[in-house]
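There are 2 protein chains.
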Amino acid sequence: MDAPRTPDAPVAVPIAPAAPTLEDVARLAGVSRATVSRVVNGKRNVDPAIQEAVRQAVDAIGYVPNSAARSLITRRTGAVALVVSGAGEGEEEVFRSQVFTDPFFSRVISGVLGHLRARMMHPVLMLAETGQARDQVLSYLRQGNADGTLLVSTHAADPLPGLLVEAGLPAVLFARPELSVPIGFVDLAHQDGARLAADHLIAVGCRRVVTISGPLDVRAARERQDGFREAMARHGEPLVPSAQGNFTQDSGEAAMRRLLAEVPDLDGVFAANDLMACGALHALREAGRRVPQEVRVVGFDDSSVAAASRPALTTVRQPVEEMAATMAKLLLERIDEPGRPPRSVIFDPVLVRRQSA
Amino acid sequence: MDAPRTPDAPVAVPIAPAAPTLEDVARLAGVSRATVSRVVNGKRNVDPAIQEAVRQAVDAIGYVPNSAARSLITRRTGAVALVVSGAGEGEEEVFRSQVFTDPFFSRVISGVLGHLRARMMHPVLMLAETGQARDQVLSYLRQGNADGTLLVSTHAADPLPGLLVEAGLPAVLFARPELSVPIGFVDLAHQDGARLAADHLIAVGCRRVVTISGPLDVRAARERQDGFREAMARHGEPLVPSAQGNFTQDSGEAAMRRLLAEVPDLDGVFAANDLMACGALHALREAGRRVPQEVRVVGFDDSSVAAASRPALTTVRQPVEEMAATMAKLLLERIDEPGRPPRSVIFDPVLVRRQSA
DNA sequence: TTGAAAGCGCTAACAA
DNA sequence: TTGTTAGCGCTTTCAA
């Protein structure tokens with residue numbers, strides 16, 4: 008009663024080709040597994056003739072080492088986690104879109120990739136914006152899925168640095184941790200950068216200067232603010248009106264409007280990042296103020312929007328790619344020599360003059 | 008130029024605590040390794056009492072499974088490669104900075120991450136912009152470092168899709184491959200999107216319309232261009248002046264200048280992406296043309312710059328995050344059921360009206 | 001339901 | 001210089 012089965016379509020059948028192993032190569036080359044292993048890993052002390060024979064066998068058979076097996080012994084994965092961690096209050100999707108809208112993270116990725124690939128290591132991207140996500144990241148790392156962690160915290164009081172140190176996992180941060188944790192980091196001399204901006208605004212003749220700050224629970228935002236105020240005080244301007252933003256363009260635009268209402272005769276603006284400076288530019292244009300003729304604007308970061316905006320932004324450059332590359336370098340150092348104490352590097356900012364000031 | 012400073016760092020002594028293994032847990036709980044394994048992996052058929060005992064032992068001892076050992080048997084890593092591949096001509100650093108300046112890639116990452124994390128999988132970021140880099144990616148994958156590949160090609164005739172299929176590695180592409188390769192992908196109905204733009208420009212009264220195209224060796228750019236021209240032809244405008252850009256803002260600005268010189272009375276612009284549309288906006292402002300009063304501008308993608316630019320861009324939305332999430336979904340399907348033929352999904356674009364048209 | 005035993009594929013002592 | 005041998009820590013038949 009059985010209807011004859013129609014044969015399955017002649018689709019490219021997925022034959023599991025049973026990947027060749029060291030054993031197979033060894034047999035074909037007529038040597039031991041150990042010797043093959045040595046050749047494959049480029050260890051010295053192997054007869055050139057045998058080396059050649061092994062190589063031929065490898066090519067002939069299409070051998071590729073299995074990295075799980077290798078990792079099991081070497082305790083190395085060739086991967087590092089690149090984790091972006093938040094405060095733990097936001098919504099997942101909001102956090103994601105904010106993180107990835109900000110050109111900052113792209114620059115971090117770019118810098119990290121640049122340094123890592125030369126060492127044949129690869130970054131695994133992870134988000135740790137909630138407590139649960141953080142636990143997942145932690146357990147992922149504890150399982151030995153990565154050789155170390157590059158951590159970018161977006162908010163203060165992030166518990167992750169402490170947890171990583173506690174777990175004995177190599178890690179390096181972007182930005183000095185809020186809480187004192189014995190861990191390496193790269194950072195910028197934010198106060199110096201803010202001073203550069205203040206000095207420049209004064210130098211080009213501004214007399215009524217205001218600032219748009221970032222969220223003041225973020226250390227970098229605080230330091231930029233403090234540094235700016237301090238420098239202005241030294242120039243005899245101890246009272247600098249300020250409005251707070253949250254590093255987004257919209258928040259910068261809103262802050263600028265508030266400041267225009269509050270200080271109608273302002274002639275200089277320092278924004279704590281370029282995105283907000285860009286927003287300020289929009290608000291100023293909307294208010295009919297010409298930049299830089301009537302109002303000068305200085306941003307911070309020198310992100311891609313700085314050069315792209317019109318007028319192009321004068322800004323304080325933070326060498327993010329270079330910092331990220333250094334972060335990777337510090338991590339690899341630590342992975343290579345676990346005994347070594349954590350190192351940190353602080354970078355100096357530079358003023359980049361464009362059209363806005 | 009930065010002169011990195013090195014602050015002194017406190018020392019943290021590295022204790023190598025010899026991670027506990029299944030064996031340790033088994034001994035402590037008084038059961039066999041197999042039983043512990045079953046409990047840890049949530050297999051049924053384990054006495055609740057024993058289950059509890061094992062769990063306690065796990066907690067007491069701080070056991071975490073070693074994923075290299077696990078992968079060796081399961082042949083799963085929990086990682087997928089997210090590779091961005093280029094044509095193979097550019098410089099490494101240039102490619103990196105271009106890739107990561109474009110908000111498009113950030114959106115891809117965001118969408119991928121959103122889908123993957125729910126399945127406890129993680130993306131490993133890789134670039135394959137040169138032949139050498141491509142080989143590295145390929146060997147990384149062949150070594151079993153990832154369970155599959157999500158591939159975003161920036162250029163036509165990318166050999167990687169073919170190589171992946173040939174190697175029997177599960178993969179899904181963003182955008183249909185130029186060469187015919189039996190592989191799954193997600194894509195947008197670009198022509199339909201371009202038609203949306205054309206219909207809108209006509210509907211709002213434009214009579215002298217021009218386009219800024221992307222590089223025409225990129226399929227998406229071609230389809231947007233063709234779709235636009237076709238739709239304009241149906242509206243009785245078979246000859247649409249066009250200038251070519253390369254998807255960057257600067258190239259859009261330059262293209263717009265050329266078009267202004269060539270077609271001084273133009274009153275409508277369709278740019279093949281938002282970045283170029285933004286550049287066009289700048290060129291138009293510079294030329295003293297008011298948008299949208301004198302010239303209407305429509306972009307493509309609805310990337311973050313579209314809403315951020317002033318005037319905000321009317322644009323054709325490409326649901327990149329959703330597409331990327333689907334790409335991840337298709338890949339996981341394929342990883343779970345290797346026998347299954349590749350699936351693809353094509354998304355419909357939507358016109359997003361803002362201020363520029 | 002549990003345990004014993006056999007590897008997964010590789011590297012690294014240790015001998016030869 | 002090469003081979004032998006022992007695992008790395010885990011999952012998974014197969015019996016009990």
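Those sequence lines, one after another, are chains U and P. Its first residue numbered 8, the first sequence is counted upward by one per residue in our numbering. Its first residue numbered 8, the second sequence is counted upward by one per residue in our numbering. Every residue gets a Cβ at the ideal spot worked out from N, C-alpha and C, and that includes glycine.
Less than 8 Å between the CB atoms is what I'm expecting for residue i and residue j, so what's the real figure, rounded?
{"i": "Val247(P)", "j": "Val276(P)", "result": "That pair is no contact at about 11 Å."}
{"i": "Ala75(P)", "j": "Gly151(U)", "result": "6 Å"}
{"i": "Arg40(U)", "j": "Glu30(U)", "result": "6 Å"}
{"i": "Thr321(U)", "j": "Arg361(U)", "result": "5 Å"}
{"i": "Leu79(U)", "j": "Leu339(P)", "result": "With 8 Å as the limit, Leu79(U) and Leu339(P) do not qualify as a contact, their Cβ atoms being about 25 Å apart."}
{"i": "Glu185(U)", "j": "Ala163(U)", "result": "4 Å"}
{"i": "Ala279(U)", "j": "His122(U)", "result": "27 Å between Cβ atoms; not a contact."}
{"i": "Asp194(U)", "j": "Arg183(U)", "result": "5 Å"}
{"i": "Leu366(U)", "j": "Val119(U)", "result": "Look at the range of chain U in this structure, 8 to 364, and you will see that residue 366(U) is not part of it."}
{"i": "Val32(P)", "j": "Val71(P)", "result": "Not confirmed; about 10 Å, so no contact."}
{"i": "Leu282(P)", "j": "Val312(P)", "result": "6 Å"}
{"i": "Ile68(U)", "j": "Pro27(U)", "result": "5 Å"}
{"i": "Ala287(U)", "j": "Val270(U)", "result": "With a Cβ gap of about 13 Å, Ala287(U) and Val270(U) do not count as contacting."}
Taking the alpha carbon of residue i as the point to measure from, which residue in the options has its own alpha carbon closest?
{"i": "Gly138(U)", "options": "Arg45(U), Glu99(U), Ala315(U) and Gly221(U)", "result": "Glu99(U)"}
{"i": "Glu173(P)", "options": "Leu195(P), Pro55(P), Leu145(P) and Ser104(P)", "result": "Leu145(P)"}
{"i": "Ser117(U)", "options": "Asp343(U), Glu329(U), Ala153(U) and Phe307(U)", "result": "Glu329(U)"}
{"i": "Ala314(P)", "options": "Ala284(P), Arg77(P), Ile68(P) and Ala290(P)", "result": "Ala284(P)"}
{"i": "Val91(U)", "options": "Pro130(U), Arg317(U) and Gln325(U)", "result": "Pro130(U)"}
{"i": "Ala250(U)", "options": "Pro110(U), Arg241(U), Arg124(U) and Ala268(U)", "result": "Ala268(U)"}
{"i": "Leu337(U)", "options": "Gly191(U), Asp206(U), Met128(U) and Asn48(U)", "result": "Gly191(U)"}
{"i": "Arg366(U)", "options": "Arg141(U), Leu288(U) and Ile342(U)", "result": "An answer regarding residue 366(U) cannot be provided, because it is not within the stretch 8 to 364 covered by chain U."}
{"i": "Arg297(P)", "options": "Asp274(P), Asp309(P), Val359(P) and Ser310(P)", "result": "Asp274(P)"}
{"i": "Pro189(P)", "options": "Ala25(P), Val357(P) and Pro348(P)", "result": "Pro348(P)"}
{"i": "Asp54(U)", "options": "Thr42(U), Val65(U) and Gln63(U)", "result": "Thr42(U)"}
{"i": "Ser258(U)", "options": "Gln300(U), Ile57(U) and Gln105(U)", "result": "Gln105(U)"}
{"i": "Thr255(U)", "options": "Ile219(U), Leu180(U), Ala64(U) and Leu358(U)", "result": "Ile219(U)"}
{"i": "Ala364(U)", "options": "Arg82(U), Glu244(U) and Pro318(U)", "result": "Pro318(U)"}
Is the CB of residue i under 8 Å away from at least one CB in chain P?
{"i": "Leu167(U)", "result": "no"}
{"i": "Pro130(U)", "result": "yes"}
{"i": "Gln63(U)", "result": "no"}
{"i": "Pro72(U)", "result": "yes"}
{"i": "Thr321(U)", "result": "no"}
{"i": "Arg317(U)", "result": "yes"}
{"i": "Met133(U)", "result": "yes"}
{"i": "Thr108(U)", "result": "yes"}
{"i": "Ala75(U)", "result": "yes"}
{"i": "Arg114(U)", "result": "yes"}
{"i": "Gly151(U)", "result": "yes"}
{"i": "Leu358(U)", "result": "no"}
{"i": "Gln362(U)", "result": "no"}
{"i": "His197(U)", "result": "no"}
{"i": "Ser117(U)", "result": "yes"}
{"i": "Ser92(U)", "result": "no"}
{"i": "Gln300(U)", "result": "no"}
{"i": "His162(U)", "result": "no"}
For residue i, which residues does DSSP report across the bridge?
{"i": "Arg324(P)", "result": "Asp308(P) and Val357(P)"}
{"i": "Pro130(U)", "result": "Val87(U)"}
{"i": "Ser252(U)", "result": "Looking at the sequence shown, residue 252(U) is not Ser but Gly. According to DSSP, Gly252(U) bridges with nothing at all."}
{"i": "Arg303(U)", "result": "Gly275(U)"}
{"i": "Leu157(P)", "result": "Leu89(P) and Val179(P)"}
{"i": "Leu195(U)", "result": "Phe354(U)"}
{"i": "Ser220(P)", "result": "Gln251(P)"}
{"i": "Ala135(P)", "result": "Ser92(P)"}
Chain U beta carbons: is any one of them nearer than 8 Å to that of residue i?
{"i": "Ser78(P)", "result": "yes"}
{"i": "Leu252(P)", "result": "A small fix is needed here, since residue 252(P) is Gly in this sequence, not Leu. Closer than 8 Å: no."}
{"i": "Val87(P)", "result": "no"}
{"i": "His207(P)", "result": "no"}
{"i": "Glu100(P)", "result": "yes"}
{"i": "Leu120(P)", "result": "yes"}
{"i": "Ile68(P)", "result": "no"}
{"i": "Arg292(P)", "result": "yes"}
{"i": "Arg103(P)", "result": "yes"}
- Does the region 258-267 of chain P come close enough to the region 233-240 of chain P to have 3 or more Cβ pairs within less than 8 Å? no
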